[in-house]
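One structure is given here, and the rest of the page talks about it.
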Ligand code: BES
Ligand code: MN
Ligand code: ZN
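Residue numbers (my numbering): 9 to 505.
Dropping the structure here:
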């Protein structure tokens, strides 16, 4: 989508549909500026809107150039957040689709916050709320997607422009991640996924190296190979890299994404309904890392960032790993497999252990790791955990702040040492399951055994995939993590100035 910024007056903006976010105060004051621009239609319509968040009203103006107006409520002026603006813009996007608007304007409301935050949120909300996944529909529905979005502003022209550009880049990266998650599993085998990464790298300007099964064997990634044993398709391990000359860090930040392209559970087979039926999303962590790399490269973020994506499916084929198998991992540690459905930690452990070779400044992994995270937090927020190296509290608060600002929210879980008791094995260094209690924490404690650097673990099992759309988060893959990572890294780059 083309996104531009204009300081032309509301009245003169020539679009099929103009979205106007309005506060409760603006409505109470009679929407005078809008009456002046669009005439008596506003006076007649304003009885039907209060300006509260969630309000939407379509108006056919009798003055001005815009063909249609949509007023979207954003609540009390002093309490407007970026999240409210995203959802208001998403409502506008839905109205635009209904009336088949090709050109759409959004006016930036006059708020106390910076113009770039508001315009970024509006662009994100519009693009994300208007997202559709139509790849497999054979009967063309008559949809007209908006082709051009104009952000209308009266001042702060430059800031608004910066925010709009960022919003477009980030939202498009989120849409890439959503597309990958929504893709049918047979179109994203590990090799096909790595091809998609190569294509993405070329298009967005970052580097990628893909290891095949022989290289994975050579490197001794026992966890990834064990999970892959029951599969027809070989695994891949992709190494993504963004290393700009102007990088402000010398040791890399590493992003690790769980790339289980389909999780049947293996021999510890999952039931279908409400469980296996959504497991094409078990590579949502990988999708988030790919999306984040796209945005980071497009934004030319001044940080050295590496992405690691171990990819395989988890199937109960003839040679599948079995409960009781003891696996020698990349790090040299041994793991007793007691449930083949706890496969995510097996492949992540190898990636995390390989990450040590880069002497990273920080490693962040994203994984649809446990059903327990969904039980604990639902689908509105991810769980965040960190190891107890120095700076743990700062890391957690920086990640939580990035979550609040970006809309990809996270909430911490504890990492007390006592939880290690649950993953002690009678025959190996560790076992891969810790029982029902504190399942998300014991999964993270397992991973911690493969880490010797500052590390943040994000269990995104809940918010990465929705059964029903909510606001600008559409049904299916949400692209959760892309905005979180970009925001976190932008804040980090800012601190290194
Ligand atoms: N991919 C699943 C976790 C998951 C569940 C993601 C629901 C999204 C929605 C993971 O591989 C898994 O199966 N975890 C098991 C671990 C258990 C066997 C210790 C789980 O959570 O049941
Ligand atoms: Mn599983
Ligand atoms: Zn899984």
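Note that beta-carbon positions come from the ideal geometry of N, C-alpha and C, so glycine has one too. Since the structure is predicted, the reported quantities are computational estimates derived from the model, not experimental observations.
Counting C-beta atoms within 10 angstroms of its own C-beta, residue 94 has 16 or more neighbours from the protein chains shown and is therefore classed as buried. Taking C-beta separations shorter than 8 angstroms and ignoring five residues to either side along the sequence, the partners of residue 67 in its chain run 46, 49, 50, 53, 76, 77, 78 and 79, following chain order. The DSSP-derived three-state label of residue 113 is strand.
With a beta-carbon spacing of about 32 angstroms, residue 436 and residue 419 fall beyond the 8 angstroms limit used to define contacts.
The alpha carbon of residue 290 has as its nearest neighbour, out of 363, 207 and 201, the alpha carbon of 201. With three or more CB-CB distances shorter than 8 angstroms, the stretch 285–304 counts as touching the stretch 207–225. Apart from the 5 residues on each side of it in sequence, residue 186 sits with its Cβ closer than 8 angstroms to the Cβ of 139, 141, 295, 482, 484, 485, 486 and 487 in its chain, given in chain order.
Judged by beta-carbon spacing, residue 159 lies within the 8 angstroms limit of residue 116, meaning their Cβ atoms are closer than that value. The nearest non-hydrogen atom of the ligand MN is less than 7 angstroms from the C-beta of residue 322. In this structure residue 374 touches residue 265 by the C-beta definition: roughly 5 angstroms separates them, less than 8 angstroms.
Taken atom to atom, the span from the alpha-carbon of residue 370 to that of residue 28 is near 42 angstroms.
In terms of Cβ geometry, residue 252 and residue 220 do not form a close pair [threshold 8 angstroms].
The stretch 308–324 makes no contact with the stretch 332–347: fewer than 3 CB pairs, one atom from each, lie closer than 8 angstroms. Residue 454 and residue 178 have their C-alpha atoms roughly 32 angstroms apart. Between the alpha carbons of residue 329 and residue 155 lies a distance of about 50 angstroms.
For residue 281, the closest of 475, 69 and 500 by C-alpha to C-alpha distance is 475. The stretch 225–293 is shown to contain whole beta strand (DSSP E) runs of 3 or more residues at 244–250, 261–265 and 267–271, in chain order. Around the beta carbon of residue 491, a 10 Å sphere encloses 16 or more other beta carbons of the protein chains shown; the residue is thus reported as buried.
Beta-bridge analysis with DSSP links residue 473 to 485. Contact annotation, residue 399 with residue 377: C-beta distance approximately 23 angstroms; criterion of less than 8 angstroms not satisfied. Cβ contact annotation for residue 254 (same chain, cutoff 6 angstroms, sequence separation greater than five): 310, in chain order. Under the criterion of beta carbons closer than 8 angstroms, residue 263 and residue 114 do not qualify as touching, at roughly 31 angstroms. Inside the stretch 92–151, DSSP marks whole beta strand (DSSP E) runs of 3 or more residues at positions 111–115, from first to last along the chain. For residue 305, the CB contacts under 6 angstroms within the same chain, skipping 5 residues up- and downstream, are 212, 213, 214 and 250 in chain order.
Close CB contacts of residue 355 within its chain, under the 6 angstroms cut and outside five residues either way in sequence, are with 231, 232, 235 and 318 (chain order). Check the Cα spacing between residue 39 and each of 20, 59, 364 and 26: the tightest is with 59. Going by beta carbons, residue 274 and residue 349 fall inside the 8 angstroms limit.
The beta-carbon separation of residue 256 and residue 504, rounded to 4 angstroms, stays under the 8 angstroms limit for a contact. The chain-ordered list of residues whose CB is nearer than 5 angstroms to some heavy atom of the ligand ZN reads 268, 271, 290 and 352.
Counting along the chain, residue 498 sits inside the alpha helix (DSSP H) bounded by residues 490–503.
When DSSP assignments are scanned along the stretch 396–453, the uninterrupted stretches of beta strand (DSSP E) that are 3 or more residues long and fall wholly within it turn out to be 418–420. Taking C-beta atoms as the reference points, residue 10 and residue 136 fail to come closer than 8 angstroms. Leaving aside the five residues that flank residue 385 on each side, the residues in its chain whose CB is nearer than 8 angstroms to its CB run, in chain order, 391, 419 and 470.
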